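Asks:
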Amino acid sequence: MIKIKSTHILHSIFLTLFVFSMFRSIQNFIDCYRTINIKEYDLNAVISSLTLCQDYRVSLFILIPIIGIFIKNKLGWIFIASYIYFIQINCVSQNYMDNILLLCFSTIILLAILLFINTKTSILTYYKVTPKNNIVINTIALILGTTLSYLLIILKHY
């Protein structure tokens, strides 16, 4: 019998998010492609609809923790933690400023996930993170997540 570890739960959450975001991106791309009403199906039509729709960016950004899952060292941990910081900063800066209750709820959930993954020794030993290096690695992840958030904000507005 296989014992379910906290690393399995963490990996399944990110893989589920990846599959869901890929499905939504493909679905939105098809809807955008139909909305543009392009008669010819060639590479130029696909590229023009990709630049108009821009739903693929979510799938590209969620590749960060997926890559982190397969890298079983500190770099993988930085990728996973930076994605959680990325989600949290995006929730605060862009999406939920109108709904304060949803903002508070999502912030509490993301902080709980960060606390969970930083206190579970099985996850930290899986990614070879020592308690001494944990603060430094989380600081690097925070900087990377913040940089990616601001990059997404710039890409959305320009």
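Taking my numbering, the leading residue of the sequence shown gets -10, the next gets one more, and so forth.
Ideal Cβ positions, reconstructed from N, Cα and C, are used throughout, including at glycine.
All of these numbers come straight from a predicted model, not from anything done at the bench.
1. What are the boundary residues of the alpha helix (DSSP H) that includes I60?
2. Is the distance from the Cβ of F94 to the Cβ of G134 below 8 Å?
3. Just mark V118 as buried or exposed, buried being the case when its beta carbon has 16 or more other beta carbons within 10 Å.
4. Between the C-alpha atoms of T5 and L140, what's the straight-line distance to the nearest angstrom?
5. Do you know whose CA, among K109, T110 and F50, lies nearest S10's CA?
6. How long is the line joining the alpha carbons of Y72 and T24, rounded to whole angstroms?
7. Closest to L92 by C-alpha separation, out of Y115, Q77 and I36, would be which residue?
8. As a quick exercise: from S1, I56 and Y45, pick the residue whose alpha carbon is nearest that of N17.
9. Starting from Y139, trace the alpha helix (DSSP H) in both directions and tell me its first and last residue.
10. Would you mind working out which of I36, K63, S48 and I55 sits nearest T114, comparing C-alpha positions?
11. Locate the alpha helix (DSSP H) running through Y115, then write down its first and last residues.
12. Assuming S138 contacts N79 under a Cβ cut-off of 8 Å, what Cβ separation, rounded to an integer in Å, is found between them?
13. With a 10 Å radius around its C-beta and 16 neighbouring C-beta atoms as the bar for buried, classify P120 as buried or exposed.
14. Please state whether DSSP places D31 in a helix, a strand or coil.
15. Report the rounded CA-to-CA distance for L32 versus T136, giving the unit in angstroms.
Replies: On the basis of the supplied data:
1. Within the sequence shown, residue 60 is the residue found at index 71, counting from 1. Per DSSP, I60 belongs to no alpha helix (DSSP H) and is neither H nor E.
2. The residue given as residue 94 occupies position 105 in the sequence shown. The residue given as residue 134 occupies position 145 in the sequence shown. No, Cβ-Cβ distance for F94 and G134 is not below 8 Å.
3. Counted from its first residue, the sequence shown places residue 118 at position 129. It is buried - the Cβ of V118 has at least 16 other Cβ atoms within 10 Å.
4. The residue labelled residue 5 in the question sits at position 16 within the sequence shown. The residue labelled residue 140 in the question sits at position 151 within the sequence shown. Computed Cα separation, rounded: 24 Å.
5. Translated into the one-based positions of the sequence shown, residue 10 becomes position 21. Among K109, T110 and F50, the Cα nearest to that of S10 belongs to F50.
6. To locate residue 72, count along the sequence shown from 1; it is residue 83. To locate residue 24, count along the sequence shown from 1; it is residue 35. Taking the straight line joining both Cα atoms gives about 32 Å.
7. For the purposes of this step, residue 92 is taken as the residue at position 103 of the sequence shown. Per the Cα distances, Q77.
8. Translated into the one-based positions of the sequence shown, residue 17 becomes position 28. Residue Y45 is the option with its Cα nearest to N17.
9. Translated into the one-based positions of the sequence shown, residue 139 becomes position 150. First-last of the alpha helix (DSSP H) with Y139: P120 to H146.
10. By one-based count along the sequence shown, residue 114 stands at place 125. Per the Cα distances, K63.
11. As a working mapping, residue 115 is identified with position 126 in the sequence shown. Where Y115 is concerned, the enclosing alpha helix (DSSP H) stretches over T110 to Y115.
12. Numbered from 1 along the sequence shown, position 149 holds the residue referred to as residue 138. Numbered from 1 along the sequence shown, position 90 holds the residue referred to as residue 79. Their Cβ separation, rounded to whole angstroms, is 5 Å, which keeps S138 and N79 in contact under 8 Å.
13. Position 131 of the sequence shown, counted from the start, is the residue given in the question as residue 120. Counting Cβ neighbours within 10 Å, P120 comes out exposed, since fewer than 16 surround it.
14. Taking the sequence shown and counting its residues from 1, the one referred to as residue 31 is at position 42. In the structure shown, D31 sits in coil (DSSP, three-state: anything other than H, G, I, E or B).
15. Translated into positions along the sequence shown, residue 32 becomes position 43. Translated into positions along the sequence shown, residue 136 becomes position 147. Spanning the two alpha carbons is a distance of roughly 32 Å.
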